[in-house]
Every structure is written in C-alpha cells, then in structure tokens.
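In the working numbering, each residue's number is its place in the sequence shown (first place is 1) plus 273.
Here is the structure we will look at.
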Amino acid sequence: MDWPTFFEPIKLSIQISLIASIVMLLLSSIIAWRMAKARFFGKSILDALFMLPLVLPPTVIGFLLLVALGRRSWPGKLYEALFGGPIIFTWESAVIAAVVVAFPLAYRTMKAGFEGIDPALENSARVYGASEWQVFRYITFPLAFRSVTTGYILGFARGLGEFGATLMIAGNIPGRTQTIPTAIYVAMDGGSMKLAWAWAGSMVLLSFIMLLAVNRITKE
274 MDWPTFFEPI
284 KLSIQISLIA
294 SIVMLLLSSI
304 IAWRMAKARF
314 FGKSILDALF
324 MLPLVLPPTV
334 IGFLLLVALG
344 RRSWPGKLYE
354 ALFGGPIIFT
364 WESAVIAAVV
374 VAFPLAYRTM
384 KAGFEGIDPA
394 LENSARVYGA
404 SEWQVFRYIT
414 FPLAFRSVTT
424 GYILGFARGL
434 GEFGATLMIA
444 GNIPGRTQTI
454 PTAIYVAMDG
464 GSMKLAWAWA
474 GSMVLLSFIM
484 LLAVNRITKE
C-alpha cells in the first residue's frame, strides 16, 4: 500500500468538506429560518429553487457551475483579477461544488426544525420586549438545535461524497483537487483495486460514523 497516495485524497476531502460545511451551515440555517417564518408571494417557487440541486444530475450542476464561474463570467473574471488565476480546477471550486450539492439536504432538514417550533413561544418572548435576534438566539435556535445539527452532518456527508460536479469543475488533480470519490474512479479505471477498495472502505466508514451520529442526535 502506498500510504502517502492513500491518505492524500482523504485529507483533501475532509478539508474541502469542512470548509464547505461551514459555509453551508451559515447559508442553510439563515435561509431556512427566514423561509420557515416568512410569508410572501412566490415562496413555494423560491423553495423549489433552493431544493433544485437535490434532484438535478451532478453533470448538470457541474455544467452550470462551469458557465457561472468560467473565465468569461464576471465572478470568474473577478476571481482571476484578485488572485491571478482562474477559479476552475482549484480546491476552491471543489468547495463551491460541495456547498451547492449539500445545501438542499441541510436546508430542508433545518427548515423542518424551524417550522416545528410553536410560534406562541416566540411571540411570548416578543411580548416581553425581546428583539428578533434575542428570540432567535434564546428561543428559536435552541429548540431547532437537533434539526440544525442533523442538517449539518447530512450536508457534510453529502459534500464528502460529491463526485460529478466536483469532477467537472475542479477536475482530478492529485494533491490539489483529487477527492476520495474521484480517486476511486481513477483507481478503478487504472486497475489499482487495492487502493480503490481502501478508499471505498474509508468512505463507508466515514459515512457510517456520520449517520450513526445523526441517529443518536434524533433519538435523544
């Protein structure tokens, strides 16, 4: 076993997933909270747009990200002007792909938690003079903590296992953008079954641990 080759994609996958999960947590918790409490025209349409990456094929997501972040797009031009190179085929693009595919799962889980809170509890706090931030901090978030935590773990696991969009937008560069799923694909294609089995086993183990954590949280 070539241990440096084995551990490199695992280390990179965890790093990318950790960064992506933090971004995903901030976005999904805030958006889920607002969507759960707000009432406005077109809410169902906006909700469907947030959930769309969950049902789209990864290749479609990868294609759309390539168009949105390519060198001809204004985000791509801005990134290249700031950092001196394109964002495509970098670890940052892998983070973006992980955030996009993981967001719907985390968003839906957290939104269900926020919707399950009795509005009377929040209104009682407002009657006693609590600001919206205080209501969220001391009432809403603690009551939805299990759903937020569950959504975070599920989103982390989804980002960790992302393959299609990551391959299209970040490529498969060893030591830079090669994650566990892309490494398994290359190992299988090259006949390196020992490495493929080792990476697949590590992926199964990591996913099992995260699902076990979700089950423990939901049963408490």
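Glycine residues also receive a C-beta, built at the ideal position from the N, C-alpha and C atoms.
Here the structure is a predicted model, which is why all the values come from computation and not from measurement.
| message | Count Cβ pairs between the region 381 to 396 and the region 344 to 358 that sit closer than 8 Å; are there 3 or more? | response | The region 381 to 396, when compared against the region 344 to 358, does not touch it at the 8 Å Cβ threshold.
| Secondary structure, alpha helix (DSSP H): runs of 4+ residues fully inside the region 303 to 345 | Within the region 303 to 345, the complete alpha helix (DSSP H) runs of at least 4 residues are 316 to 328, 331 to 342.
| task | Would you list, in sequence order, the uninterrupted alpha helix (DSSP H) runs of no fewer than 4 residues that lie entirely inside the region 362 to 400? | result | Note on the region 362 to 400: whole alpha helix (DSSP H) runs with a minimum of 4 residues are 364 to 388, 392 to 400, in chain order.
| query | residue 366: which of 382, 380, 344 sits nearest, CA to CA? | reply | What you label residue 366 is simply residue 93 of the sequence shown in a count that begins at 1. Ranked by how close their Cα comes to the Cα of residue 366, the residues 382, 380, 344 have 344 in first place.
| field | Same chain only: Cβ atoms within 7 Å of residue 360, ignoring 5 sequence neighbours per side | value | Translated into the one-based positions of the sequence shown, residue 360 becomes position 87. Taking residue 360 as the centre and dropping the five residues before and after it, the same chain places the C-beta of 342, 349, 352, 366 closer than 7 Å to its C-beta, in chain order.
| said: Going residue by residue through the region 403 to 465, where are the continuous alpha helix (DSSP H) segments of at least 4 residues, counting only ones entirely within it? | reply: Secondary structure in the region 403 to 465: the alpha helix (DSSP H) runs of 4 residues or longer, each lying completely within the stretch, are 405 to 408, 418 to 433, 437 to 443, 453 to 463 in chain order.
| task | Return yes when the Cβ of residue 446 is within less than 9 Å of the Cβ of residue 339, no when it is not. | result | Here residue 339 refers to the residue found at position 66 of the sequence shown. Here residue 446 refers to the residue found at position 173 of the sequence shown. It is not a contact, given that the beta carbons lie outside the stated cut-off.
| said: Pairs of beta-carbons, one from the region 313 to 329 and one from the region 395 to 411, closer than 8 Å: are there three or more? | reply: At 8 Å Cβ cutoff, the stretches do not touch.
| query | In chain order, what residues of the same chain have a beta carbon less than 7 Å from the beta carbon of residue 449, not counting five sequence neighbours either side? | reply | The residue you call residue 449 lines up with position 176 of the sequence shown. Cβ within range, chain order: 364.
| request: Excluding the 5 residues preceding and the 5 following residue 224 in the sequence, name in chain order all residues of the same chain whose CB lies nearer than 7 Å to its CB. | output: Residue 224 lies beyond the range of the chain shown here (274 to 493); nothing can be said about it.
| task | Determine the contact status of residue 431 and residue 378, defining contact as a CB-CB distance below 9 Å. | result | Taking the sequence shown and counting its residues from 1, one reaches residue 431 at position 158. Taking the sequence shown and counting its residues from 1, one reaches residue 378 at position 105. The answer is yes: Cβ separation under 9 Å.
| Assuming residue 382 contacts residue 424 under a Cβ cut-off of 8 Å, what Cβ separation, rounded to an integer in Å, is found between them? | Numbered from its first residue, the sequence shown carries residue 382 at position 109. Numbered from its first residue, the sequence shown carries residue 424 at position 151. Contact annotation, residue 382 with residue 424: C-beta distance approximately 4 Å; criterion of less than 8 Å satisfied.
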